[in-house]
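Here the structure is laid out as structure tokens; the discussion comes afterwards.
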Amino acid sequence: MINAKLGHVKTVEEFYNEIRWQQEEAHGQDYCEQHDAIRKYASECKTYRELGTHQGGTAANAMLTGFKYIELVDISMEKYQKFLKPLAEKYCKDNKIVLKVKEVDSGSLDSIGPHVDMMLIDSYHKAFHMKRELDMHGKSVKKYIVAHDTWAVPELHTCLEEFCFNNPGWRVLERGKTNVGYTVLKKDD
Ligand SMILES: C[S@@+](CC[C@H](N)C(=O)[O-])C[C@H]1O[C@@H](n2cnc3c(N)ncnc32)[C@H](O)[C@@H]1O
């Protein structure tokens with residue numbers, strides 16, 4: 192994925208518009224469709240975790256979506272710290288959002304956090320790693336799991352189907368099949 196040029200942005204809104212534009216310019220229309228899926232289902236959700244933050248495109252999306260607890264997990268937060276960190280801290284303070292940033296492996300015990308309504312998986316795109324992430328975090332997700340790149344890397348979608356098979360109550364709700372694609376899982380009440 193590209194590293195967007197973001198030195199000129201001054202707010203989370205500007206950051207979001209700019210990074211989405213630059214990512215879609217570089218990777219093609221619909222590259223960021225998972226952002227829209229997150230927004231579509233967020234009305235039933237207050238809390239969010241993401242595994243894989245990079246510069247913070249999906250993190251900024253989560254802030255603007257209206258979650259009140261946002262947890263960001265990445266093995267390196269260097270790129271997040273460069274542009275989004277100061278803007279995000281001010282935005283979250285002003286909007287009473289609890290923001291937790293964890294620089295850890297998303298498949299490690301250290302990455303485990305409290306229960307959340309929605310979790311995005313967008314880290315290391317290998318099925319063995321996603322399986323570890325689902326083992327670590329699946330039980331703490333109450334409503335939705337969204338995963339990016341599941342059309343470009345079909346074994347990721349298969350891994351999510353296996354998670355549903357092994358965890359009754361979870362099902363595939365939606366699969367995006369344009370560009371790199373995405374999958375949404377829902378846990379029935
Ligand atoms: C595709 S980028 C995330 C993009 C971000 N969600 C967005 O849309 O703006 C993948 C990120 O996963 C992180 N990553 C890779 N392996 C990881 C691991 N084992 N644990 C946590 N993060 C990891 C990388 O450091 C990178 O920042």
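Numbers in the numbering used here are just positions in the sequence shown, counted from 1, shifted up by 191.
Note that the Cβ used here is the ideal one computed from N, Cα and C, for glycine as well.
Computed from a prediction, not measured in an experiment: that's the story for all the values here.
- DSSP places G367 within a strand segment (E or B) once states are collapsed to three.
- G360 has its CB no nearer than 6 Å to any heavy atom of ligand 1.
- Taking M327 as the centre and dropping the five residues before and after it, the same chain places the C-beta of S297, G298, S299, L300, S302, I303 closer than 8 Å to its C-beta, in chain order.
- Taking K259 as the centre and dropping the five residues before and after it, the same chain places the C-beta of K237, T238, K287, I288, V289 closer than 8 Å to its C-beta, in chain order.
- The C-beta distance from A228 to M309 rounds to 10 Å, too long to fall under 8 Å, and the pair is not in contact.
- If you draw a straight line from the Cα of L197 to the Cα of I261, it is about 22 Å long.
- Of the other Cβ atoms in all chains shown, 16 or more fall within 10 Å of the Cβ of F206; this residue is therefore buried.
- Taken from the Cβ of D313, at least one heavy atom of ligand 1 lies inside 6 Å.
- The DSSP-derived three-state label of V295 is coil.
- When the beta-carbon positions are compared, Y271 and T244 come within less than 7 Å of each other.
- With a threshold of 6 Å, the Cβ atom of G248 counts as near ligand 1, since some heavy atom of the ligand is closer than that.
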